[in-house]
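Quick note on the numbering used here: the sequence shown kicks off at 353 and runs consecutively.
Yeah, the Cβ is synthetic: ideal placement off N, Cα and C, and Gly gets one too.
Data first, discussion second: the structure below is written as structure tokens.
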Amino acid sequence: MTARRLAAFLLLAAAPAAAQEDGWSFRLTPYVWAPTMDTSASIGSDPTAETSTSVLEVLDFAALVTGEARRGSLTIMGEFNYLNLGEDATGQGGLVSANIDLKGVLAALAVGYAVHEDARARVEGFAGARLWSLETSVDFANLPKASATKTWVDPIIGARATYAVTDRVSVQALGDIGGFGVGSDFQWELMGRVGYAFTDTVTAAAGWRHLAVEADRGELDLDMSLSGPFVALDVNF
Numbered sequence: 353m354t355a356r357r358l359a360a361f362l363l364l365a366a367a368p369a370a371a372q373e374d375g376w377s378f379r380l381t382p383y384v385w386a387p388t389m390d391t392s393a394s395i396g397s398d399p400t401a402e403t404s405t406s407v408l409e410v411l412d413f414a415a416l417v418t419g420e421a422r423r424g425s426l427t428i429m430g431e432f433n434y435l436n437l438g439e440d441a442t443g444q445g446g447l448v449s450a451n452i453d454l455k456g457v458l459a460a461l462a463v464g465y466a467v468h469e470d471a472r473a474r475v476e477g478f479a480g481a482r483l484w485s486l487e488t489s490v491d492f493a494n495l496p497k498a499s500a501t502k503t504w505v506d507p508i509i510g511a512r513a514t515y516a517v518t519d520r521v522s523v524q525a526l527g528d529i530g531g532f533g534v535g536s537d538f539q540w541e542l543m544g545r546v547g548y549a550f551t552d553t554v555t556a557a558a559g560w561r562h563l564a565v566e567a568d569r570g571e572l573d574l575d576m577s578l579s580g581p582f583v584a585l586d587v588n589f
């Protein structure tokens with residue numbers, strides 16, 4: 353009888369721990385990204401304006417954050433980016449000066465599943481959607497200012513791999529493609545980062561991200577890429 357009671361007690365004591373291990377875990381990651389912006393934009397019948405510059409030189413305001421929820425092999429990933437940028441540009445042939453103002457929201461939501469996982473490595477495939485909501489203005493010196501606001505959603509598919517080099521140091525790589533003519537003509541992303549875990553709750557990371565899109569949305573014809581380093585802080589709970 354005593355043995356049965358002891359066994360029952362051990363099962364009850366182990367149940368909460370097992371539930372916690374099998375439950376949801378969450379991560380919130382604010383980050384600072386300093387990319388170079390290469391943009392070619394035209395609105396309506398106006399000439400194409402082109403620019404290449406560091407975002408930090410033209411940034412008016414930005415809010416950047418990613419997050420994820422994980423349970424077992426399942427991961428739900430999301431991101432939100434708000435950018436307000438303005439930059440001098442040149443027209444076709446580099447003979448006409450112009451100013452490009454670009455502001456808007458880039459947001460994404462995807463569901464991933466781990467196709468491989470062991471004590472140190474995790475490889476996931478994911479699928480989801482990325483929202484682009486952009487207000488673009490092109491102001492040539494000798495033409496009336498033209499602007500267009502466009503919102504579209506791109507389907508995306510991709511993969512992410514994470515490897516724990518040590519108990520504290522990890523590396524991660526991510527890539528995705530999308531658009532396929534549904535929203536934009538094509539969009540793609542590559543990201544790599546190295547993280548250092550100070551505690552189980554806080555990890556600092558640094559890496560490189562490249563995000564590019566080609567879109568022909570009515571009167572707006574946009575070819576844009578953002579590529580550069582970032583620093584981030586993971587908060588796990």
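Would residue i and residue j be called neighbours here (beta carbons separated by less than 7 Å)?
i    : j    : result
S522 : Y465 : no
W484 : R423 : no
D552 : G530 : no
R545 : G559 : yes
I395 : L574 : no
Y383 : A584 : yes
Going by beta carbon distance, what residues of the same chain come within less than 6 Å of residue i, once the five residues before and after it are set aside?
i    : result
G580 : A386, P387 and T388
E431 : T418 and A460
M576 : T391 and V565
A473 : Y515
G547 : S522, T555 and A557
T381 : T418, A584 and D586
F589 : F378
G570 : none
Kindly indicate which residue of the options has the alpha-carbon position closest to the one of residue i.
i    : options                   : result
V587 : I395, V417 and D374       : V417
S392 : A584, D568 and V583       : D568
W540 : I508, A513, A525 and Y548 : I508
H562 : T518, G547 and A525       : A525
L486 : G570, T503, T514 and G480 : T503
K455 : A500, A421, R379 and E469 : A500
D470 : V517, A462 and M429       : V517
G527 : A498, A462 and D537       : A462
M543 : A415, L578, D537 and F589 : L578
Since residue i and residue j should fall inside the 8 Å C-beta cutoff, what is the C-beta to C-beta distance between them, to a whole number of angstroms?
i    : j    : result
A556 : F550 : 7 Å
N433 : V457 : 7 Å
F378 : M429 : Not confirmed; about 12 Å, so no contact.
Going along the chain, which residues of its own chain have a beta-carbon closer than 7 Å to the beta-carbon of residue i, five neighbours each way excluded?
i    : result
R520 : Y548 and A549
Please return the same chain residues whose Cβ sits closer than 8 Å to the Cβ of residue i, not counting the five positions on each side in sequence.
i    : result
V467 : V475, E476 and G477
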